[in-house]
Amino acid sequence: MIGEIVLVLLFVMFLTAGVKVVSEYQRIAVFRLGRYFGIKGPGLIVIIPIIDKCYKFSIGDYGQLIGDNTGKFKEAEVPVEYNTKIHVGSQIKISGFSNNKIQVTLDDDQGRRIRCEKCGHEMRI
């Protein structure tokens, strides 16, 4: 009897750990076993705990273009889409979301930010 209750509680905890809520202007990039799986949201998202790793992105978040169609935001490298010519290494900003990609534009106020050399965080001037 006690073993069944513990099993049910563990199952409920496992299910609640896999439910995420994403607001209207945010998306979650899902990495399944370390590989990019896709962008999900907005709304109620169900993931597989332990197997899936999630990163939450908002419109206006800053990152860096590290490949032809790859951007790095926070710790995640995700596919991006852009209309104008952007050079690799440029600072980019999220402007929207499409099918399975993040739409980005060139960051227009690059001169007003500095990056800390020790930890990598950015400060606005």
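Going by this note's numbering, the final residue of the sequence shown carries number 863, and the count climbs one at a time with no gaps.
The C-beta atom is built at its ideal place from N, Cα and C for all residues, glycine as well.
Predicted model, so just to flag it, every value in this text is computed and none were measured.
Are residue i and residue j touching if we call contact CB-CB under 8 Å?
| i | j | result |
| --- | --- | --- |
| Y864 | Q829 | No information on residue 864 is available, as it lies outside the stretch 739 to 863 that the chain covers here. |
| S796 | Y774 | no |
| L803 | I786 | no |
If I measure Cβ to Cβ from residue i and keep anything under 8 Å in the same chain, skipping five residues before and after, which residues do I get?
| i | result |
| --- | --- |
| I788 | none |
Who are the near neighbours of residue i in its chain, counting only those whose CB is closer than 7 Å to its CB and skipping five residues on each side?
| i | result |
| --- | --- |
| S761 | P780 |
| V784 | G756, V757 |
| R770 | I789, D790 |
Under the rule that 16 or more other beta-carbon atoms within 10 Å means buried, what is residue i, buried or exposed?
| i | result |
| --- | --- |
| I777 | buried |
| R853 | exposed |
Which value, in whole angstroms, describes the spacing of the CA atoms of residue i and residue j?
| i | j | result |
| --- | --- | --- |
| D790 | D845 | 30 Å |
| T822 | G809 | 15 Å |
Might you give, ordered along the chain, the residues of its own chain that have their beta carbon closer than 6 Å to the beta carbon of residue i, omitting 5 neighbours on each side?
| i | result |
| --- | --- |
| A814 | A767, Y793 |
| G834 | Q841 |
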